[in-house]
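In order, the protein sequence lines correspond to chains A and B.
One gets the numbering used here by counting positions in the first sequence from 1 and adding 4 to each.
One gets the numbering used here by counting positions in the second sequence from 1 and adding 141 to each.
Think of the CB as a built atom: it goes at the ideal place given N, C-alpha and C, for glycine as much as any other residue.
These figures come from a predicted structure and were not determined experimentally.
A short write-up of the structure that comes next.
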Amino acid sequence: MSMQNVGRPTRPDTAGLNGAANDLNEAPASLTGARGLLQDEPLIFELGGWTKTGVDLPMDALGLDTDASDLGDLVRAEPIGLPGLSEPEAVRHYVRLSQKNHAIDLALYPLGSCTMKHNPRLNEKMARLAGFADLHPLQPASTTQGALELMDRLAHWLKTLTGMPAVALPPKAGAHGELCGLLTIKAAHEAAGNGDRRRVLVPTSAHGTNPATAAFVGYSVQEIAQTEDGRVDLADLAAKLGPDVAAIMVTNPNTCGLFERDILEISRLTHAAGAYFYCDGANFNAIVGRVRPGDLGVDAMHINLHKTFSTPHGGGGPGAGPVVLSQALAAFAPAPWVTHGPDGLTLTEQAVGDAAQAFGRMSAFHGQMGMFVRAYAYMRSHGADGLRQVAEDAVLNANYIKARLCDVMTPAFPDGPCMHEALFDDAWLEGTGLTTLDFAKAMIDEGFHPMTMYFPLVVHGAMLIEPTETESKRELDRFCDALRALAAAAKAGDAERFKAAPRLAPLRRLDETLAARKPRLTWRPEPTTVAPAPLAAE
Amino acid sequence: MRYLPLTPDDRAEMLAVIGAADIDALFRDVPAAARPADLFDLPLHAGELEVERELAGLAARNRPAGAGPFFCGAGAYRHHVPASVDHLIQRSEFLTSYTPYQPEIAQGTLQVLFEFQTQVAALTGLDVANASMYDGSTACAEAVMMAQRVTRREKAVLSGGLHPHYAATTQTIAHAEGMHILRLPAAIDAEAAVIAAIDAETACVVVQTPNIFGVVTDVGKIAEAAHAAGALLIVVTTEAVSFGLLKPPGAMGADIAVAEGQSIGNALNFGGPYVGLFAVREKLVRQMPGRLCGETVDADGRRGFVLTLSTREQHIRREKATSNICTNSGLCALAFSIHLSLLGGAGLRQLAEVNHARARELKAALAGVAGVEILSPRVFNELAIRVPGDAAALVEAALADGVVAGVPYSRLDPTARLDDVLLLAATETTTSEDIAALTRTLQRNLGR
Numbered sequence: 005m006s007m008q009n010v011g012r013p014t015r016p017d018t019a020g021l022n023g024a025a026n027d028l029n030e031a032p033a034s035l036t037g038a039r040g041l042l043q044d045e046p047l048i049f050e051l052g053g054w055t056k057t058g059v060d061l062p063m064d065a066l067g068l069d070t071d072a073s074d075l076g077d078l079v080r081a082e083p084i085g086l087p088g089l090s091e092p093e094a095v096r097h098y099v100r101l102s103q104k105n106h107a108i109d110l111a112l113y114p115l116g117s118c119t120m121k122h123n124p125r126l127n128e129k130m131a132r133l134a135g136f137a138d139l140h141p142l143q144p145a146s147t148t149q150g151a152l153e154l155m156d157r158l159a160h161w162l163k164t165l166t167g168m169p170a171v172a173l174p175p176k177a178g179a180h181g182e183l184c185g186l187l188t189i190k191a192a193h194e195a196a197g198n199g200d201r202r203r204v205l206v207p208t209s210a211h212g213t214n215p216a217t218a219a220f221v222g223y224s225v226q227e228i229a230q231t232e233d234g235r236v237d238l239a240d241l242a243a244k245l246g247p248d249v250a251a252i253m254v255t256n257p258n259t260c261g262l263f264e265r266d267i268l269e270i271s272r273l274t275h276a277a278g279a280y281f282y283c284d285g286a287n288f289n290a291i292v293g294r295v296r297p298g299d300l301g302v303d304a305m306h307i308n309l310h311k312t313f314s315t316p317h318g319g320g321g322p323g324a325g326p327v328v329l330s331q332a333l334a335a336f337a338p339a340p341w342v343t344h345g346p347d348g349l350t351l352t353e354q355a356v357g358d359a360a361q362a363f364g365r366m367s368a369f370h371g372q373m374g375m376f377v378r379a380y381a382y383m384r385s386h387g388a389d390g391l392r393q394v395a396e397d398a399v400l401n402a403n404y405i406k407a408r409l410c411d412v413m414t415p416a417f418p419d420g421p422c423m424h425e426a427l428f429d430d431a432w433l434e435g436t437g438l439t440t441l442d443f444a445k446a447m448i449d450e451g452f453h454p455m456t457m458y459f460p461l462v463v464h465g466a467m468l469i470e471p472t473e474t475e476s477k478r479e480l481d482r483f484c485d486a487l488r489a490l491a492a493a494a495k496a497g498d499a500e501r502f503k504a505a506p507r508l509a510p511l512r513r514l515d516e517t518l519a520a521r522k523p524r525l526t527w528r529p530e531p532t533t534v535a536p537a538p539l540a541a542e
Numbered sequence: 142m143r144y145l146p147l148t149p150d151d152r153a154e155m156l157a158v159i160g161a162a163d164i165d166a167l168f169r170d171v172p173a174a175a176r177p178a179d180l181f182d183l184p185l186h187a188g189e190l191e192v193e194r195e196l197a198g199l200a201a202r203n204r205p206a207g208a209g210p211f212f213c214g215a216g217a218y219r220h221h222v223p224a225s226v227d228h229l230i231q232r233s234e235f236l237t238s239y240t241p242y243q244p245e246i247a248q249g250t251l252q253v254l255f256e257f258q259t260q261v262a263a264l265t266g267l268d269v270a271n272a273s274m275y276d277g278s279t280a281c282a283e284a285v286m287m288a289q290r291v292t293r294r295e296k297a298v299l300s301g302g303l304h305p306h307y308a309a310t311t312q313t314i315a316h317a318e319g320m321h322i323l324r325l326p327a328a329i330d331a332e333a334a335v336i337a338a339i340d341a342e343t344a345c346v347v348v349q350t351p352n353i354f355g356v357v358t359d360v361g362k363i364a365e366a367a368h369a370a371g372a373l374l375i376v377v378t379t380e381a382v383s384f385g386l387l388k389p390p391g392a393m394g395a396d397i398a399v400a401e402g403q404s405i406g407n408a409l410n411f412g413g414p415y416v417g418l419f420a421v422r423e424k425l426v427r428q429m430p431g432r433l434c435g436e437t438v439d440a441d442g443r444r445g446f447v448l449t450l451s452t453r454e455q456h457i458r459r460e461k462a463t464s465n466i467c468t469n470s471g472l473c474a475l476a477f478s479i480h481l482s483l484l485g486g487a488g489l490r491q492l493a494e495v496n497h498a499r500a501r502e503l504k505a506a507l508a509g510v511a512g513v514e515i516l517s518p519r520v521f522n523e524l525a526i527r528v529p530g531d532a533a534a535l536v537e538a539a540l541a542d543g544v545v546a547g548v549p550y551s552r553l554d555p556t557a558r559l560d561d562v563l564l565l566a567a568t569e570t571t572t573s574e575d576i577a578a579l580t581r582t583l584q585r586n587l588g589r
């Protein structure tokens, strides 16, 4: 098979690069497609060799008889068709690609609801200790006592910090935790003969995973209205609660970055209706060490270890989503869990005997151990005092941003403090011809990742900024100065700066419509109708 | 506190800008009853050295797989991962970035996902793969629910060769969504029972190869029977290295292939994080769960990549989404993709051949141990044996000789009455000396 450089063109359109759209970019277009040290990096399928490999197996293994005739015609007949790279080629490929990413290690990453905080490297080191990383999930419990002990200590911290009596460690991410929480609630209702409760109430401002999870479990979803000050409308909640409601799913602090002032009344009404209170714990970072969800009447809450407890997001995962549970729900938690026995710690793997009420199993093994180690190291490093400071600094930083921007942008809820995120709407862009998206893309040219946009849905053109506690005042000021300068440019009529943004990023705005209309989801070695542009020098 | 940059002066200055008297003023919306003044009953902050001491102490109480002869498989496998893989995934720009929602400044992650999707499609012999699921077991559950959306039928048939924990996960999750799950009894050769269970109500059939007993299974006949009934065939693979040697699911008629990708690029990690692979035939793309990365162009006509077809997903469709999944296994998918880029198709084939050869060596050695009955006729890199008595007790006894002899089937499913069955895997990390140590301890313990 010959290597072809096919697919959509990889080189810049020279007219475009030299044209008016780039007048901010003073440097002339390069001859090669590179942007300074930023290389135009091909796909591995355009780089590698079809018979090449960058892995040398040990000589004793290579001396083995590799006869596979016992497998008959179940042996793969055709070559797999994947290229191989030598180690130097692979290292360059991935390092070059990495340089096209923004990262929390580069600058403030203000994605609201995502809690992009610093990821301590100690935690990476600890997770890679052979005594954790090189453990098989099914090896005898007598050979994993330290790992089980770590799970047990993590559980203790999570229970203490939330004021809840039980925790299910298996869920692998926030949405998986939501699923675990709702399945626990469903099992509890069924055990009590209330299996006919079919509705789940979710505020309009909720994360998309909340209604998706409720529907997934077979519930019908009904929205709860929001008050003008960005909180759950108690009257609407009371009106919609009824004998067929299984649970409410409320995020607190909510997705507008506000604490639900009436939280105790929300839980009282919910429990009075015989429903359970599921709390989306995505925003736990705002209150960790200071407020216990158990004191608020929460029955179940997932904790995104990759948010509050700083396990790295990794470009989209892995996460971990343990679910803390109230006494009423604890018996229904899924297998497996750590049990103290006469011979030390063991895993209870099956929903039998004393564990018969467990609703089932969330995944093959017992959770994201690699994330448990990191999160535990993070908790131990901070301690009770440091975690409280985390919440306080996260809230302080968000309020500082809100204060520094409130005269040039429009806070969605100007009255009173916010929690760990500052929410703005797009009212201040009126008359500029610009949208939230334009503003966000212009932030990229100024060296910042955009904030969360158009979420929550209840605020028009929402811009949700979450700085986290790991930003210095200097970085916050740099960020606020940049946003103030951009806001001034927007109001001064410099629309072109925004409409053409980003200009200085590795790529300009991407054609998402084309991607969806003609999905090209894998590389294929067939010629395309679009010929690659010739090198300018040719 | 080393992770918190603000100084007391910073805090005072910032409170002044905000116009708040103190930090408590910012928490005033929290009901007083839920604002304990005292710190919670947990230790105070600790220096790096203290944390390292505690965690190293815990780690030392575990026996790593690499500490001696080790034969556990059953859904997680010990393989050698090149050092460059772990180095590259710790690049700040990969490790500390978010989901690539802003494609202009996330092309690194996006191009990796596009390459990953292409690699997974090639391995499974199918057209399109997504950007990863949590792990193989949750991918299996999602595949079953996807089959319900495609066929609008409610019944799923799970083969007796399916990993019991995959079956339990699927039962839990897909049942919650309203499906009827028919889980067939554990069987080393499950083909006939699976075919017999297919009827006009069947949405899908789930078959694992190599199955939980290590048996490499020809799913061609099951595919024919499923398709004749209008059902989909879902093929599950827990050992991704097997794709290097075995006929891929797509070539045997699979409509959906799901797999555990841990074997390539990822450590054992005591069960997670792992990476679920999910591939389908092209016509099924719009019913897929999870993120998809697609190729497009930017405003200057340069090739670029974006997350696409997101109208399937929860952040757009909310309660009508194909799945609730959001965060997936991005960094594990990166590790998988880097390791596979290093291997290439040729290297993966070689690696798979070595695994197969080690398993044949193991099988031959076990066949020579009096009392051991080989149960798996045709294997890739793991097999099942029957031993006189309780396999779990035998594993405990072998530990005294420093050998982790495998996974007793009863650990996976105590109700199957297969307490005398032991599952053993061999990989490129297994040596002839390991196998000799295993046979010695088995001979000693079974000879009693």
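- Against chain B, the CB of I48 (chain A) has a partner CB under 7 Å away; the residue lies at that interface.
- Taking C-alpha positions only, E423 (chain B) is separated from R290 (chain B) by approximately 16 Å.
- As for any beta strand (DSSP E) of minimum length 3 sitting wholly inside the segment 204-270 of chain A, the runs are 224-228, 249-255, ordered along the chain.
- Taking a Cβ-Cβ cut-off of 7 Å, the neighbours of M375 (chain A) in chain B comprise P414, given in sequence order.
- Against chain B, the CB of K503 (chain A) has no partner CB under 7 Å away; the residue lies outside that interface.
- In the DSSP assignment, the residues bridged to C283 (chain A) are A:V254, A:M305.
- The DSSP-derived three-state label of M120 (chain A) is coil.
- Note on geometry: alpha-carbon atoms of A332 (chain A) and D303 (chain A) lie some 8 Å from one another.
- Taking 7 Å as the cut-off, the beta carbon of D389 (chain A) is found closer than this to the beta carbon of L185 (chain B).
- Secondary structure of C467 (chain B) (DSSP, three-state): coil.
- In this structure, DSSP gives G325 (chain A) a state outside helix and strand, which the three-state scheme calls coil.
- Taking 7 Å as the cut-off between beta carbons, the residues of the segment 264-282 of chain A near chain B are R265, I267, L268, in sequence order.
- According to the DSSP assignment, E154 (chain B) belongs to the alpha helix (DSSP H) that extends over 149-159.
- The C-beta of G37 (chain A) has 16 or more other C-beta atoms within 10 Å across all chains shown, which makes the residue buried.
- Burial state of V269 (chain B) is buried, judged by a 10 Å Cβ sphere holding 16 or more other Cβ atoms.
- Straight-line spacing of the CA atoms in F354 (chain B) and I526 (chain B) works out to 9 Å.
- Taking 7 Å as the cut-off, the Cβ atoms of L511 (chain A) and R443 (chain B) count as close.
- G301 (chain A) counts as buried, since no fewer than 16 other beta carbons sit within 10 angstroms of its beta carbon.
- Residue burial is scored here from C-beta neighbours: S573 (chain B) has fewer than 16 other C-beta atoms within 10 angstroms and is therefore classed as exposed.
- Per the coordinates, the alpha-carbon of E500 (chain A) lies some 12 Å from the alpha-carbon of K445 (chain A).
- In this structure, G325 (chain A) lies near A177 (chain A), with their beta-carbon atoms less than 7 Å apart.
- The segment 478-489 of chain A and the segment 423-438 of chain A do not touch, with fewer than 3 CB-CB distances between them shorter than 8 Å.
- Beta-bridge partners of I375 (chain B) (DSSP): B:V347, B:I397.
- Sequence-distant Cβ neighbours of F49 (chain A) in its own chain, meaning closer than 6 Å and more than five residues away, are P87, W527.
- According to the DSSP secondary-structure assignment, C434 (chain B) is paired through a beta bridge with B:L448.
- The C-alpha of P297 (chain A) is placed about 30 Å away from the C-alpha of P454 (chain A).
- Put simply, the backbone Cα of A208 (chain B) is about 12 Å away from that of D542 (chain B).
- Three or more Cβ pairs drawn from the segment 560-579 of chain B and the segment 505-524 of chain B lie within less than 8 Å of each other, which places the two stretches in contact.
- The beta carbon of N496 (chain B) sits no closer than 7 Å to any beta carbon of chain A.
- Per DSSP, R324 (chain B) is not a residue of any alpha helix (DSSP H); the beta strand (DSSP E) it occupies stretches across 321-324.
- The beta carbon of G485 (chain B) sits closer than 7 Å to some beta carbon of chain A.
- In this structure, DSSP gives N203 (chain B) an extended state, which the three-state scheme calls strand.
- Among the residues facing chain A, I576 (chain B) is not included, as its CB has no counterpart in that chain under 7 Å away.
- With a cutoff of 7 Å on beta-carbon distance, A216 (chain A) and N465 (chain B) are scored as near each other.
- Contact between the segment 278-294 of chain B and the segment 326-339 of chain B is absent, with fewer than three C-beta pairs closer than 8 Å.
- For L147 (chain B), at least one C-beta of chain A is nearer than 7 Å to its own C-beta.
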